Structure formats: structure tokens, C-alpha cells
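Numbering (the working numbering), first residue to last: -16 to 261.
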């Protein structure tokens, strides 16, 4: 599934933290609730799950670290680097921003109507050069998406506001790979895959969120729903790209998973994830 030269870096919110899966061994680095992860050159950028500000940590392969704080943003859910620009989803202020990686200063904002966290914008990707975001609904009041969650979610072009995928329920993790488009339709416990004129629906009970790929496999994070009392933890489902059959599973040390990234195994411990100073 993963080659010996690859490792998984896994973030988890709500009492989760940061972990790494390497050579079939799970390492937990800390239990600071975390959301989006981004890779920039050889560095890793991590967002912490804070309701009232943005806290980002940059980990470099020489073991050095840098912390950025921005009090104009809130509840960062996702990060993405493209052409040396860092994009962040500020769910608590209902916007997407680009940031200077040196200072944390906001260089551009894409704001949406309504109060903070009325849309629950959450995850971003680039599709055919277009920055897209997943959102639960077009609400006006904080938490409006709780009122009528079914089929009101969508994937939207951030610049043009064009809806590219409709009738979703709690969507997360839009991804483009080759001629396929993926989205975790989390509220209906499924992974949706658009390919040519077809849409494949893969049911995975729980709350699918977090997605990455190897040459042959889809790696899908599945959290335990927050409204259930369970002793089970989250897991990563390993799914064959051709047959869509699950062939393996990695149990996680947290009840939730947010993001999954593949790193070179030889670099994982050089970042000193377990020696972070906040």
C-alpha cells in the first residue's frame, strides 16, 4: 500500500493531535487539536484548531520551526500552498485568505456573506487552475448549517462563485487527480468520485474526511461521528483505485481525522514534530 520510503502524517481535531504512520508503526507526536496540513518545498505547515484566531506552525527538515499567529482570522480548517502562495480557510470569519509565509500577513481575502461560520467553508483545492472550496450551505447566521443540513452543501469556485458540485451534505476534502474529482460527502457517509460522465458513490460508515493518493490506492480518512458514544477510533481506509474495493485499513489513535499527507519516510523524524514549543 505504502512503500517503505513513504509515511503518512495525520492531523485530528477535538482532542486529537498529530501522528505519523511509518513502516506499519503509529507514532503520536502530541495531542494539540489540529486541522489542515500543507507541504511547501520540504517543509510542513500545520494549522491548530482554535476558535478565535489562527495559529500556524512551520516545520523545516533541519529541525527548526516557525510560529505564525493572526488574530484577524478564526477557526482555520484547511491550508494549501500553490505557486509559493499559502491559502487558508478561515471558517470562523467566513472567508478564504492568502497569507505571507514570512509574516502571516493577509495578502488577499475572499469573503462570503453572512456571519462568521454561517456557510462552514472548510476545505480547498485547485481544479483546472481554479481555487475551489467546500461549504455546508449559504447561511446568514452563525451555525445556520445545523438547521437543514441535507443536500445544501456544495463545491464552489472561490473567484467566480460558480457552483461546481451541488446537493452535498457536509462536504469536505475536494480533490482533483487526473480526470477524477473527489469529495467526501461526510454527512451521508460516502466518498463521491466524478469520472467522465459517471459519479461513483462509495459508502464508508462514519464521517469521511481527509483524502490522499498513492499510484494505486485512495487513502480515505473516516472519523467517528461526534453524536455517537463509541470506543472505536477513526481509521484510514485503503481503497483500490480501479475496483473501488477497500483492501486494507489503518486504525488511528484518535476518534477523528482531518487531514492526511504523504511524506518521505526518511524525513519524518528530522522535523522534530515531538519537540514543538507553542
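Positions of the beta carbon are idealized from the N, C-alpha and C atoms, including for glycine.
This structure is a prediction, so every number in the text was calculated from the model and none was measured.
> Taking buried to mean at least 16 other C-beta atoms within 10 Å of its own C-beta, is residue 117 buried or exposed?
Replying inline: buried
> On the three-pair Cβ rule with 8 Å, is the segment 109 to 124 touching the segment 84 to 92?
Replying inline: no
>> Check whether chain B comes within 8 Å of residue -2, counting only Cβ atoms and requiring the distance to be less than that.
In response: In the structure shown, chain B cannot be found, because there is only a single protein chain.
> Is it the case that the Cβ atoms of residue 107 and residue 63 are separated by a distance below 8 Å?
Replying inline: yes
> Which partner residues of residue 204 appear in the DSSP bridge assignment?
Replying inline: 219
>> Please list the terminal residues of the continuous beta strand (DSSP E) segment that includes residue 137.
In response: 136 to 140
> Given a threshold of 16 other Cβ atoms within 10 Å of its Cβ, counted over all protein chains shown, does residue 173 qualify as buried or as exposed?
Replying inline: buried
> Under the rule that 16 or more other beta-carbon atoms within 10 Å means buried, what is residue 293, buried or exposed?
Replying inline: Since the displayed the chain opens at -16 and closes at 261, residue 293 lies outside it and no answer follows.
>> At the level of alpha carbons, what is the spacing between residue 133 and residue 43?
In response: 41 Å
>> If you measure between the beta carbons of residue 166 and residue 151, is that distance less than 8 Å?
In response: yes
>> Am I right that residue 36 and residue 54 are in contact with their C-beta atoms under 8 Å? What's the rounded C-beta distance?
In response: 5 Å
> Over what stretch of residues does the beta strand (DSSP E) that includes residue 107 continue unbroken?
Replying inline: 107 to 110
>> Can you give me the C-alpha to C-alpha distance between residue -3 and residue 161, rounded to a whole angstrom?
In response: 33 Å
>> Between which residues of its own chain and residue 257 is the CB-CB distance below 6 Å, once the five residues before and five after are set aside?
In response: 12
>> Cutting at 7 Å between CB atoms, please list the residues of its own chain near residue 65, excluding the five before and the five after it.
In response: 109
> Between residue 0 and the rest of its own chain, which residues show a CB-CB distance below 6 Å, the 5 nearest in sequence each way excluded?
Replying inline: 13, 14 and 15
> Out of 6, 33, 99 and 214, which has the shortest C-alpha to C-alpha gap to residue 125?
Replying inline: 99
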